[in-house]
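Trainee:
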Amino acid sequence: MIYGRKGSVQLKIFRNKDNNEDSSNTSSSLNEEDKIDKVHEDDYLQNDVSDPNSRRNSINDKLLHIRNMKHLYLDSDDILNDNSDEFAIDDSVPLIQQTRKRHSSHSTISNPSYFNSSNDPDSKKRRASSVSSYKKLVELQPFKNKVGGHTEIFKFSARAICKTLLNKENEWYEFLEKEYCNNNEYCGTLLKYMPRYIGILNVRKSSIETEVNMNDNIHLFSKKLLEKYYIDVDPNELSIDYKHTNLNTKLKDQILSEVFDSSSKKLLNSDNDQLTEVPIETYPQKNDTEVTQYILLEDLTRKMKNATVLDLKMGTRQYGVFAIDKKQKSQRMKCQITTSLKLGCRVCGLKIYRPSSNTFIKKDKYFGRRIKGGWQFSRLILLFLYDGIAIRSIVSKIPKLINDLNKLIESIEHLQGYRMYGASLLFMYDHNDTECKVYIIDFAQCITIKDYLEKANSFTCPPKMGINNPDRGFIKGLKSLKFYLKNSWDILTGFNKDVETYFLSNGTFDQKKVLKYCNDDKFNLPFKWLDSFTEEREDSFNDANNEYRQKWNSYEQMFNLFPNYSDDEEIQSD
């Protein structure tokens, strides 16, 4: 249950229960991540139950319920993640081979003859075993890594979150996946820096409860899972528009398996990665429901113990192509009075873990709006990278960040006609990490070249730079971040290594070389300018006569730098 000032939300998972089997005789719960990770291909072979016709009842049973007593609004910016080894894109294998392999092994309803397997004796045994299970309740946990935003978001499973679908955000993911499969390397690069997309989850809402019925979400199930759970589906009734990933199919099957498997009696707690058992309850079925769509995404926080996160709103324009006048004016004003217009990015929130005291430094989006360019912005970046112990923690993370930013700049520069309005960039690392990861999230206001070609006539506020240009406002923000990181590196290391080239080996970034370089004793010193941050009042930042400004004047002069842009980059708003 989610406890908060606006109420509580519960997620209930239901499966059909054999009348002759008590729920206490269920299989043991999984308690190791590697067990959760496994797609349980052999579960349906384990038992022989006598009533094969019970599968008919399972089709109409509710398998997943979310009881919504009152809405608790969480944060879209909590979608923080890690580049795990499960990512579908493999640089070592040609794109076309990867694509063919996925479609051949995970295609949804690729063989209609499968649905006529009811006369197979072995199939009946497996089916009976599958439907003999128990009803389950799974708690929804709020994310503790909140740094900004306001979109409703819930934890769906140990691997996935779901948030309210806005402006067909799924189409951004689906189009990039399609372009990547068509050998668009720049879309492929962008996908590596995005949370993995799973699909659209149909949620039924009533005045009493909110529920997810598996029958509303058959489109998410691969042929393998349909067979595993013995779901009879007429292929002619399935929509051609599946509304799910065609790339991250393995992850999709793992997520659905961990939710619907009878052995998954526990759900991963989003705060501490511990599995917590929850009570079993039953709720009556309601007919006065309406279907709401949620987007199902990889939970990118699941491996984080003490996540340190910096959320940056990117671009010189943050409203979409269909924004009303009021929205346009308010967003323009925010950009003008913050660093968004001059730097192409602004701080939306940050959360910094301090291992020495086991505490967090937290700042919200309003604090971020008040931060100015120059030494204030630079100091905040350094503070985020600093572990509170030694300068080494800063310099060890900068080279990879710059390498990632260079990849993103190159890719987005080649994506003409694309606009990433309102998207955010996340920097994040766990407390023991020596490198920082980069992610892009929130694509509800973004458009692709396809949108431009098909819908440009209906845009109420089209991009000023036109279809033949990339999103220069977003690129400007990336270049500003690179500028501050590079200058910080030069100052802290004494300008003795080119951070963009020295750590590349045959064109590949070498983190081991970074760690070896940073092992020098000169980096094993605290950074007192950053240590004093928590002691200072915010109103002292702009007071030249304040004692802290006097004390740290030399550092603030040193880091008081601003990027220079060419005329075409000095855009007011695209």
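Each residue of the sequence shown is one higher than the last, beginning at 1 in UniProt numbering.
Beta carbons are placed, not taken as given, at the ideal position from N, Cα and C, and that holds for glycine.
Remember, it's a predicted structure, so these values are computed and weren't measured experimentally.
Using C-beta distances below 6 Å, list every residue in its chain close to threonine 338, excluding the 5 sequence neighbours before and after it, in chain order.
Mentor: Arg346 and Arg369.
Trainee: For the beta strand (DSSP E) that glutamine 293 lies in, which residues bound it at each end?
Mentor: Counting along the chain, the beta strand (DSSP E) containing glutamine 293 begins and ends at 290-298.
Trainee: Tell me where the beta strand (DSSP E) around aspartate 153 begins and ends.
Mentor: First, the residue type needs correcting, since residue 153 is isoleucine and not aspartate in the sequence shown. Here the beta strand (DSSP E) through isoleucine 153 covers 153-155.
Trainee: Would you call lysine 516 buried or exposed, if buried means 16 or more other Cβ atoms sit within 10 Å of its Cβ?
Mentor: With fewer than 16 Cβ atoms within 10 Å of its Cβ, lysine 516 is classed as exposed.
Trainee: Taking 8 Å as the cut-off, decide whether the C-beta atoms of asparagine 248 and isoleucine 198 are in contact.
Mentor: Going by C-beta atoms, asparagine 248 is nearer than 8 Å to isoleucine 198.
Trainee: Please identify the residue among Val309, Tyr319 and Asn306 whose C-alpha is closest to the C-alpha of isoleucine 447.
Mentor: For isoleucine 447, the nearest C-alpha among the options comes from Tyr319.
Trainee: Taking C-alpha atoms, which residue in Glu171, Leu415, Lys362 and Gln376 lies nearest to cysteine 187?
Mentor: Ranking Glu171, Leu415, Lys362 and Gln376 by Cα distance to cysteine 187 puts Leu415 first.
Trainee: Buried or exposed: methionine 333, going by 16 or more other Cβ atoms within 10 Å of its Cβ?
Mentor: Answer is exposed; the Cβ neighbour count stays below 16.
Trainee: By DSSP, does methionine 214 sit in helix, in strand, or in coil?
Mentor: Correct three-state label for methionine 214: helix.
Trainee: Could you tell me whether the Cβ atoms of asparagine 170 and isoleucine 255 are closer together than 8 Å?
Mentor: The answer is no: Cβ separation not under 8 Å.
Trainee: So what's histidine 219 in DSSP terms, helix, strand or just coil?
Mentor: In this structure, histidine 219 counts as helix in the three-state DSSP scheme.
Trainee: Run through the DSSP bridge pairs and tell me what serine 505 is partnered with.
Mentor: Answer by DSSP bridge pairing, in chain order: Thr508.
Trainee: What does a CB cutoff of less than 8 Å around isoleucine 381 pick up in its chain, not counting 5 residues either side in sequence?
Mentor: If we look at isoleucine 381 and ignore the five residues flanking it on each side, its Cβ neighbours are Leu310, Leu481, Tyr484, Leu485 and Ser488.
Trainee: Which runs of the alpha helix (DSSP H), 4 residues or longer, sit entirely within the segment 446-530?
Mentor: Counting whole runs of 4 or more residues, the segment 446-530 contains the alpha helix (DSSP H) stretches 449-455, 472-493 and 511-517.
Trainee: Using the Cβ count rule (16 or more neighbours within 10 Å means buried), how would you classify glutamate 410?
Mentor: So glutamate 410 counts as exposed.
Trainee: Which partner residues does methionine 428 have in the DSSP bridge list?
Mentor: DSSP lists Val309 and Lys437 as partners of methionine 428.
Trainee: Considering only the alpha carbon of each residue, which of Asn468, Glu535, Leu300 and Lys363 lies closest to tyrosine 429?
Mentor: Checking every option, the nearest Cα to that of tyrosine 429 belongs to Leu300.
Trainee: Quick check on the burial criterion: 16 or more other C-beta atoms within 10 angstroms. Buried or exposed for lysine 479?
Mentor: Classification for lysine 479: buried.
Trainee: DSSP three-state call for lysine 243: helix, strand or coil?
Mentor: Coil.
Trainee: In three-state DSSP terms, what is isoleucine 324?
Mentor: Here isoleucine 324 sits in coil by DSSP.
Trainee: In the DSSP output, what is lysine 163 paired with across the bridge?
Mentor: Bridge partners of lysine 163: Ile153 and Ile295.
Trainee: Name the DSSP beta bridge partners of asparagine 564, please?
Mentor: Its beta-bridge partners do not exist; DSSP assigns none.
Trainee: For the alpha helix (DSSP H) that contains tyrosine 186, what are its first and last residues?
Mentor: Note, tyrosine 186: alpha helix (DSSP H), 185-192.
Trainee: Once the 5 residues before and after glutamate 536 are set aside, which same chain residues still bring their CB inside 6 Å of it?
Mentor: Result list for glutamate 536: Tyr548, in chain order.
Trainee: Taking the C-alpha atoms as reference points, what is the distance between proline 195 and lysine 513?
Mentor: Straight-line Cα distance between these residues: approximately 28 Å.
Trainee: Cβ of residue 575 within 8 Å of Cβ of tyrosine 386?
Mentor: Lying outside 1 to 574, the shown extent of the chain, residue 575 is not represented and no answer is given.
Trainee: Rounded to the nearest angstrom, what separates arginine 302 and lysine 252 at their Cα positions?
Mentor: Those two C-alpha atoms are separated by around 16 Å.
Trainee: Is the distance from the Cβ of residue 576 to the Cβ of methionine 420 below 8 Å?
Mentor: This structure cannot speak to residue 576, because the chain is shown only from 1 to 574.
Trainee: Compare the C-beta of leucine 382 against all C-beta atoms of chain D and say whether one is closer than 8 Å.
Mentor: Reference to chain D is not applicable here, since this structure consists of a single protein chain.
Trainee: Considering only their Cβ atoms, is the gap separating cysteine 518 from valine 438 smaller than 8 Å?
Mentor: No; because the gap between Cβ atoms is not below 8 Å, this pair is not in contact.
Trainee: Please tell me whether lysine 398 and leucine 525 are closer than 8 Å, where the distance is taken between their beta carbons.
Mentor: Reading off the sequence shown, one finds isoleucine at residue 398, where the question assumed lysine. It is not a contact, given that the beta carbons lie outside the stated cut-off.
Trainee: Can you tell me which of the three DSSP states methionine 420 falls into?
Mentor: Three-state result, methionine 420: coil.
Trainee: Grouping DSSP H, G and I as helix and E and B as strand, with all else coil, what is isoleucine 352?
Mentor: Of the three classes helix, strand and coil, the one that applies to isoleucine 352 here is strand, per DSSP.
Trainee: Serine 257 to tyrosine 230, Cα distance in whole Å?
Mentor: Going from the Cα of serine 257 to the Cα of tyrosine 230 covers about 13 Å.
Trainee: Use the C-beta contact count for aspartate 520: other C-beta atoms within 10 angstroms, 16 or more gives buried, fewer gives exposed.
Mentor: Its Cβ having fewer than 16 others within 10 Å, aspartate 520 is exposed.
Trainee: With a CB to CB cut of under 7 Å and the five nearest residues on each side skipped, what residues in its chain are close to alanine 444?
Mentor: Taken in chain order, the residues that qualify are Leu166, Asn167, Glu169 and Gly422.
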